[in-house]
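Single-structure report; data block below.
Protein chains: 2
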Amino acid sequence: MRATPEDVFVTSGFQQALDLVARVVLAPGDIVAVEDPGYPPPTMLFRSLRMRVVGVPVDEEGIVVAAIPAGTTLVYVTPSHQFPLGMSMSLPRRRQLLDWADRTGAVIVEDDYDSEFRYAGRPLEPLQSIDESWRVLYVGSFSKTMLPTLRLGFVVAPPSLFPALRKAKLVTDWYTAKPMQDALAQFIAEGQFARHIRRMRRIYEDRHQLLVSILESRFGDVLEPIPSMAGMHVAATLRPEVELTDREIARRARRAGVDLHMPISSFAVTEPPRRGLVFGYGAIPIEHIPDGLLRLHDCCLNARDDT
Amino acid sequence: MRATPEDVFVTSGFQQALDLVARVVLAPGDIVAVEDPGYPPPTMLFRSLRMRVVGVPVDEEGIVVAAIPAGTTLVYVTPSHQFPLGMSMSLPRRRQLLDWADRTGAVIVEDDYDSEFRYAGRPLEPLQSIDESWRVLYVGSFSKTMLPTLRLGFVVAPPSLFPALRKAKLVTDWYTAKPMQDALAQFIAEGQFARHIRRMRRIYEDRHQLLVSILESRFGDVLEPIPSMAGMHVAATLRPEVELTDREIARRARRAGVDLHMPISSFAVTEPPRRGLVFGYGAIPIEHIPDGLLRLHDCCLNARDDT
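So this is what it looks like as structure tokens:
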């Protein structure tokens, strides 16, 4: 990251960072581009503010920059760990996105979520740190690293945007609860936050590896995992031979008491939905993973036998 | 108050309650009426959301209902203790405002701030409790009774508005920090909040009475206090004989190290400004009040000698 403390604007979580940026940067009717499939809350926010939201396809390198519509004012991306598919944006794609923003004058909102939990490979630098011209607003939160109930986040923004951000924050909710900010600042200053991240990275990595190894060894007939080296979830696409929709599989699994996945199609924005499953392991004890997955696999087979 | 726990929607302070209500009830270009002079942050919010804000004059009974423009969608009022003038809205005026809202279909936002600190007379019932048809949204906060840094507030709203409020809160910042809500809930449940209010009411009442008695006994030549029985501030209008503006007096006083007042003209919205001073005593130890006021009076006299 390329930021001084003066560049960091504290917010009540990621969602508010995005709301403030939207209030400051956008006007009703503006075109906003999001990854498709993508994280739903930003799309809900932009639509509630009367923006025109366009889903842009993603491939194995990230958002397809050439498919971003002309006239786009802002693009929202998750480069470290695409939500929900899980790959990270390649370096060439990052440069292409920055060039596009430089050329068009658009703003990039970089949601670097899950970058703290990386299990292999060298992390790519955030877009924000290779951006020469402050086209990138970097948003982050402590909801994944600590607790969502803290409602603490931030946006790294250029000095020119601070007066407008301050005014937007003032009319929205004045400021973020001071006792929460003080408690987190102390937790960080004492080194406890860094220790917590190291400890949780090991715990999540164990879950990640077990989950992926079972998907690879036991689900070859129905699922193809998407390579992912970070975060708290893994996605896998349905093989073409599977005749059920991902929503049907999710529904059947839930009836069988398995709840560690969501259908990828539920994250479609404006593109045709893809079929697949997202496995979240942020809150599941590792010993529950094998049994849940075996029951899920049975569901898929039974389902196929039903047809 | 006429409200069950299910009618109370928790927010991050008063300002956010108003922002959520605005998102749910208003569309860009709507006419919003506010008291004039009035509390500035709501006007800032409504303007930032592209509403047309109209200041409506207030007299000794409160907002002049007959002066609310046709086509108004929402009116924001402070019936317990008008900000900044300090009088409370009379019962006939309250009924007139409710009748107007019933007739026009407009929404009334009732900011009942300072109603906890009442020093004389029987409190009038909130608009919300005499409203038969859910035209009133009652907003409150713990910023004055406890601490602004908590950022805890609420809106009492009809069940029909809850789904939209929930969605607005979700896209805005998901929810309000849970540890803060839990701490306050415990503080209330243990009876400490009620004890705190009783203790602070005595402290504020002593300051209120001392301040008013000095204004009445020593400022008769320059100021006319506006009767006020509640809250943490008292307002007084400049007598016609005073030739200075209230801003000039405030500036001179500040130079003399006196900072317990603000000019009333700074709270004008769209009406011609009134001249006067607002004396806030929420944060001033009682023993500092007499000396500050004597120095302020000198400022006024010197000022008049200057002309």
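Going line by line, the protein sequences match chains H and Z. Once you know that position 293 of the first sequence is 365 in the numbering used here, the rest is easy, because the numbers rise by one and skip nothing. Once you know that position 22 of the second sequence is 94 in the numbering used here, the rest is easy, because the numbers rise by one and skip nothing. Quick reminder that beta carbons are idealized off the backbone N, C-alpha and C, glycines included.
Secondary structure, alpha helix (DSSP H): runs of 4+ residues fully inside the stretch 153 to 222 of chain H: The alpha helix (DSSP H) runs of length 4 or more contained entirely in the stretch 153 to 222 of chain H are, from start to end of the chain, 163 to 176, 199 to 202.
Where Gly101 of chain Z falls, given that 16 or more other Cβ within 10 Å makes a residue buried: In the second sequence, the residue the question calls residue 101 of chain Z occupies position 29. In the assembly as shown, Gly101 of chain Z is an exposed residue. Its beta-carbon has fewer than 16 other beta-carbons within 10 Å.
Which whole-angstrom value is the C-beta distance of Glu188 of chain Z and Leu209 of chain Z, which I expect to be below 8 Å? Locating residue 188 of chain Z in the second sequence gives position 116, where the first residue counts as 1. Locating residue 209 of chain Z in the second sequence gives position 137, where the first residue counts as 1. About 19 Å; that fails the 8 Å criterion.
Does the distance from the CB of Thr150 of chain H to the CB of Glu197 of chain H come in under 8 Å? Counting from one through the first sequence, the residue named residue 150 of chain H turns up at place 78. Counting from one through the first sequence, the residue named residue 197 of chain H turns up at place 125. No; because the gap between Cβ atoms is not below 8 Å, this pair is not in contact.
Going by DSSP, name the residue or residues bridged to Phe351 of chain Z. Position 279 of the second sequence, counted from the start, is the residue given in the question as residue 351 of chain Z. In the DSSP output, where bridge partners are listed per residue, Phe351 of chain Z has Z:Val306, Z:His333.
Quick one: what's got a C-beta closer than 8 Å to Val147 of chain Z's C-beta in the same chain, skipping five residues either side? Your numbering for residue 147 of chain Z matches position 75 in the second sequence. Take Val147 of chain Z, set aside five residues on each side of it, and the residues of its chain with a beta-carbon closer than 8 Å to its own are Val104, Ala105, Val106, Val128, Ile135, Ile140, Leu169, Ala173, Ala178, Val179, Ile180, Val181, in chain order.
Three-state secondary structure assigned by DSSP to Glu296 of chain H: Here residue 296 of chain H is taken as the residue at index 224 of the first sequence, counted from 1. Three-state result, Glu296 of chain H: strand.
What in chain H is Cβ-close to Met123 of chain Z, meaning under 8 Å? Your numbering for residue 123 of chain Z matches position 51 in the second sequence. By Cβ distance, chain H contributes nothing, its closest Cβ being about 12 Å from Met123 of chain Z, past 8 Å.
State the Cα-Cα distance for the pair Tyr156 of chain Z and Arg207 of chain H, rounded to the nearest angstrom. By one-based count along the second sequence, residue 156 of chain Z stands at place 84. By one-based count along the first sequence, residue 207 of chain H stands at place 135. Residue identity check: residue 156 of chain Z is Pro in the sequence provided, not Tyr. Pro156 of chain Z and Arg207 of chain H have their C-alpha atoms some 43 Å from each other.
Determine the contact status of Gly348 of chain H and Ala308 of chain H, defining contact as a CB-CB distance below 8 Å. As a first step, residue 348 of chain H is located in the first sequence; it is residue number 276 there, counting from the start. As a first step, residue 308 of chain H is located in the first sequence; it is residue number 236 there, counting from the start. A contact, by the Cβ cut-off of 8 Å.
On the premise that His333 of chain H lies in contact with Val314 of chain H, defined as a C-beta separation below 8 Å, what is that separation, rounded to the nearest angstrom? What you label residue 314 of chain H is simply residue 242 of the first sequence in a count that begins at 1. What you label residue 333 of chain H is simply residue 261 of the first sequence in a count that begins at 1. Val314 of chain H to His333 of chain H, Cβ: 14 Å. No contact.
Along chain H, in chain order, which residues have C-beta atoms closer than 9 Å to that of Asp183 of chain Z? For this step, residue 183 of chain Z is matched to residue 111 along the second sequence. Those within 9 Å of Asp183 of chain Z in chain H number zero; the least Cβ separation is about 15 Å.
Examine chain H for any beta-carbon lying closer than 8 Å to the beta-carbon of Ala424 of chain Z, and answer yes or no. Residue 424 of chain Z is absent from the model: chain Z starts at 73 and stops at 379.
For the alpha helix (DSSP H) containing Pro398 of chain H, list its first residue and its last residue. Outside the shown range of chain H (73 to 379) lies residue 398 of chain H, about which nothing can therefore be said.
Give me, in chain order, the residues of the same chain whose beta-carbon lies closer than 6 Å to that of Arg166 of chain Z; leave out the 5 immediate sequence neighbours on both sides. In the second sequence, residue 166 of chain Z corresponds to position 94, counting from 1. Close CB contacts of Arg166 of chain Z within its chain, under the 6 Å cut and outside five residues either way in sequence, are with Leu199 (chain order).
Pairwise C-alpha distance: Leu163 of chain Z and Phe265 of chain H: Counting from one through the first sequence, the residue named residue 265 of chain H turns up at place 193. Counting from one through the second sequence, the residue named residue 163 of chain Z turns up at place 91. Approximately 56 Å between the Cα atoms of the pair.
Let me know the secondary structure DSSP gives Arg376 of chain H once reduced to three states. Counting from 1 along the first sequence, the entry for residue 376 of chain H is found at position 304. For Arg376 of chain H, the pLDDT reaches just 45, beneath the cut-off of 50, and the residue's location in the model is therefore unreliable, leaving the point undetermined.
Report all residues from its chain with a CB closer than 6 Å to the CB of Val82 of chain Z; omit the five preceding and five following residues, and keep chain order. Taking the first residue of the second sequence as position 1, residue 82 of chain Z is located at position 10. Contacts found: Phe226, Thr248.
If I follow the unbroken alpha helix (DSSP H) through Thr115 of chain Z, where does it start and stop? In the second sequence, counting from the first residue as 1, residue 115 of chain Z sits at position 43. For Thr115 of chain Z, the enclosing alpha helix (DSSP H) begins and ends at 112 to 120.
Run the CB neighbour count on Gln88 of chain Z, radius 10 Å, all protein chains shown included, and call it buried at 16 or more, exposed below. By one-based count along the second sequence, residue 88 of chain Z stands at place 16. Counting the other CB atoms within 10 Å of its CB gives Gln88 of chain Z a total of 16 or more, which places it among the buried residues.
Taking Gly85 of chain H as the reference, give the member of H:Arg175, H:Pro113, H:Met73 with the closest Cα. Looking up residue 85 of chain H in the first sequence gives position 13. Of H:Arg175, H:Pro113, H:Met73, the smallest CA-CA separation from Gly85 of chain H is found for H:Pro113.
For a test of the three-state rule: what should DSSP assign to Gln281 of chain H, helix, strand or coil? If you number the first sequence from 1, residue 281 of chain H lands on position 209. Three-state result, Gln281 of chain H: helix.
Give a yes or no on whether 8 Å exceeds the smallest Cβ distance from Ser120 of chain Z to chain H. As a working note, residue 120 of chain Z is residue 48 in the second sequence. With 8 Å as the cut-off, Ser120 of chain Z counts as an interface residue toward chain H.
Nearest-angstrom Cα separation, counted from Asp331 of chain H out to Gly364 of chain H: As a first step, residue 364 of chain H must be located in the first sequence, where it is residue number 292. As a first step, residue 331 of chain H must be located in the first sequence, where it is residue number 259. Near 8 Å, if we compare the C-alpha coordinates of Asp331 of chain H and Gly364 of chain H.
Report the neighbours of Leu222 of chain Z on chain H: residues whose CB is nearer than 9 Å to its CB, in chain order. The residue you call residue 222 of chain Z lines up with position 150 of the second sequence. What Leu222 of chain Z touches in chain H: Ala249, Lys250, Pro251.
Is Gly158 of chain Z closer than 8 Å to His305 of chain Z when the C-beta atoms are compared? To locate residue 305 of chain Z, count along the second sequence from 1; it is residue 233. To locate residue 158 of chain Z, count along the second sequence from 1; it is residue 86. Between His305 of chain Z and Gly158 of chain Z, the gap from beta carbon to beta carbon is short of 8 Å.
Chain Z within 8 Å of Pro113 of chain H, Cβ atoms only: Taking the first sequence and counting its residues from 1, the one referred to as residue 113 of chain H is at position 41. For Pro113 of chain H, the answer is yes, since a Cβ of chain Z falls inside 8 Å of its Cβ.
If you measure from the beta carbon of Trp246 of chain H to each beta carbon in chain Z, is any gap under 8 Å? Taking the first sequence and counting its residues from 1, the one referred to as residue 246 of chain H is at position 174. Among the CB atoms of chain Z, one or more fall inside 8 Å of the CB of Trp246 of chain H.
Apart from the five residues on each side of it in sequence, which residues of its chain come closer than 7 Å, Cβ to Cβ, to Arg323 of chain Z? The residue you call residue 323 of chain Z lines up with position 251 of the second sequence. So the list is empty, once near-sequence residues are dropped.
Would a C-beta distance cut-off of 8 Å place Val243 of chain H and Leu90 of chain H closer than the cut-off? Along the first sequence, one-based indexing puts residue 243 of chain H at 171. Along the first sequence, one-based indexing puts residue 90 of chain H at 18. Cβ distance not < 8 Å, so Val243 of chain H and Leu90 of chain H don't count as in contact.
Could you have a look at Glu107 of chain H and say whether DSSP puts it in helix, strand or coil? As a position in the first sequence, residue 107 of chain H is number 35, starting the count at 1. Annotated three-state conformation of Glu107 of chain H is strand, per DSSP.
Using CA coordinates, which residue listed in Z:Met73, Z:Val93, Z:Ala75 is at the minimum distance from Ala240 of chain Z? For the purposes of this step, residue 240 of chain Z is identified with residue 168 of the second sequence, where counting begins at 1. When C-alpha distances from Ala240 of chain Z are compared across Z:Met73, Z:Val93, Z:Ala75, the shortest belongs to Z:Val93.
Got a sec, what are the start and stop residues for the alpha helix (DSSP H) Thr244 of chain H sits in? Walking along the first sequence from the start, residue 244 of chain H turns up at place 172. If you look at Thr244 of chain H, you'll find it in the alpha helix (DSSP H) that goes 234 to 245.
I'd like to know if Ser84 of chain Z contacts chain H, where contact means its C-beta is closer than 8 Å to some C-beta of that chain. Within the second sequence, numbered from 1, the residue matching residue 84 of chain Z stands at position 12. Answer yes: the Cβ-Cβ gap between Ser84 of chain Z and chain H drops below 8 Å somewhere.
Using a beta-carbon distance below 8 Å, is Pro335 of chain Z in contact with chain H? Stepping through the second sequence from its first residue, residue 335 of chain Z is reached at position 263. No - not a single Cβ of chain H is within 8 Å of the one on Pro335 of chain Z.
In whole angstroms, what is the alpha-carbon distance linking Tyr185 of chain Z and Val80 of chain Z? Residue numbering aside, residue 185 of chain Z sits at position 113 when the second sequence is read from its first letter. Residue numbering aside, residue 80 of chain Z sits at position 8 when the second sequence is read from its first letter. Here the C-alpha atom of Tyr185 of chain Z lies approximately 16 Å from the C-alpha atom of Val80 of chain Z.
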